[in-house]
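Here is the structure we will look at, set down as structure tokens.
In the UniProt record's numbering, the protein residues as written are 1 to 306.
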């Protein structure tokens, strides 16, 4: 048995993680080429078509109705919050701040799980969650010393992306918490993508964003981004079948580092040492939360997002 055959599920999961790491840069790029809403709508439209082709058209009867409604609404709102927070940021660097805020979701997911279960947990969990927030604050502070006044000033300067990014992280944490209980192991991801694309097109039609102008370059970029995000979810769904759960679960918490590295290169953004330190803190804190609670949690892979 060859190495690729033996570890194909795990390799699918690793590839999914790498693909997700490119999304911050791709979404921001397409937002600049078109507009935040239209760009996101096109990405999710392409992803929907791709998932239908790869995974087939799902049948509504096979999914719990309650999960389709509640889970679908949470998924759509999260994806819209994420895409618009990246697109509405004042600069490429600020869009990378939004991505780091989004990666508070692992710590928030574990916190919500603990609150819901009301079980006794390791006391190190709460300092670990606090460390994730400190890491985000570190990123937002830039080159300046960490201070509440400076963070408030940065947020007040462009509050909507910050609000969307944090709301998205919290919403995804809720989604991850309820998915295990409500989904019955079913994965209607392609339906959720279709609902996201439809919602974004409705918002674009009702808004005042400029009309679409296509070029060869922008069209190819949209196609690549749509296939990338769709492939990430499709590969992760495949990895769950027989991948190395511990390895993939651990690697998934390094997405902030991978995404920041890819975005810095792709978007040509020079990041300060303090930004990288903040990213490292968020990653370390998420890993701490994961390992502290791992034995108390069930074995399936953590629900991932773009």
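Glycine included, each C-beta is placed from N, C-alpha and C at the ideal position.
Cβ-Cβ separation, residue j to residue i (assumed contact under 8 Å), whole Å
i, j, result
"residue 70", "residue 182", "7 Å"
"residue 33", "residue 211", "13 Å between Cβ atoms; not a contact."
"residue 258", "residue 18", "7 Å"
"residue 50", "residue 188", "With 8 Å as the limit, residue 50 and residue 188 do not qualify as a contact, their Cβ atoms being about 16 Å apart."
"residue 220", "residue 177", "That belief does not hold up - the Cβ atoms of residue 220 and residue 177 are roughly 38 Å apart, past 8 Å."
Local conformation of residue i per DSSP, three classes
i, result
"residue 65", "helix"
"residue 360", "Within the shown structure, residues of the chain are numbered from 1 to 306, placing residue 360 beyond reach of any answer."
"residue 292", "helix"
"residue 36", "helix"
"residue 120", "coil"
"residue 131", "helix"
"residue 59", "coil"
"residue 147", "coil"
"residue 89", "coil"
"residue 154", "helix"
"residue 142", "coil"
"residue 47", "helix"
"residue 21", "coil"
7 Å Cβ shell around residue i - same chain, five flanking residues per side excluded
i, result
"residue 168", "78, 81, 82, 85 and 102"
"residue 55", "190 and 234"
"residue 150", "141 and 144"
"residue 197", "41, 44, 45 and 48"
"residue 299", "For residue 299, the predicted structure reports a pLDDT of 46, less than 50, and the residue's modelled location is therefore unreliable. A value from the coordinates is still provided. Excluding positions up to five away in sequence, the list reads 245."
"residue 90", "158"
Chain-order list of residues whose beta-carbon lies under 6 Å from that of residue i (same chain, five-residue window excluded)
i, result
"residue 287", "253"
"residue 278", "135, 138 and 139"
"residue 263", "24, 25 and 96"
"residue 39", "30 and 31"
Cut-off 8 Å between Cβ atoms - residues of its own chain near residue i, not counting five sequence neighbours on either side
i, result
"residue 175", "71, 74, 75, 78 and 303"
"residue 330", "Coverage of the chain is limited to positions 1 through 306, which leaves residue 330 absent and any answer about it impossible."
"residue 100", "135, 136, 139, 256, 260, 278, 279 and 282"
"residue 155", "140 and 162"
Proximity test, Cβ basis, 9 Å: residue i and chain D
i, result
"residue 94", "The structure shown has no chain D; it contains just one protein chain."
Within the UniProt domain "EamA" (161-288), note down every full alpha helix (DSSP H) run reaching 4 residues or more, in order along the chain.
189-206, 216-242, 245-252 and 255-266
Evaluate the contact criterion for the segment 27-37 versus the segment 207-227: three or more CB pairs, one atom per stretch, below 8 Å.
yes
Any 3 or more C-beta pairs closer than 8 Å across the segment 94-101 and the segment 147-165
yes
Contact the segment 197-215 vs the segment 32-46: 3+ CB pairs below 8 Å
yes
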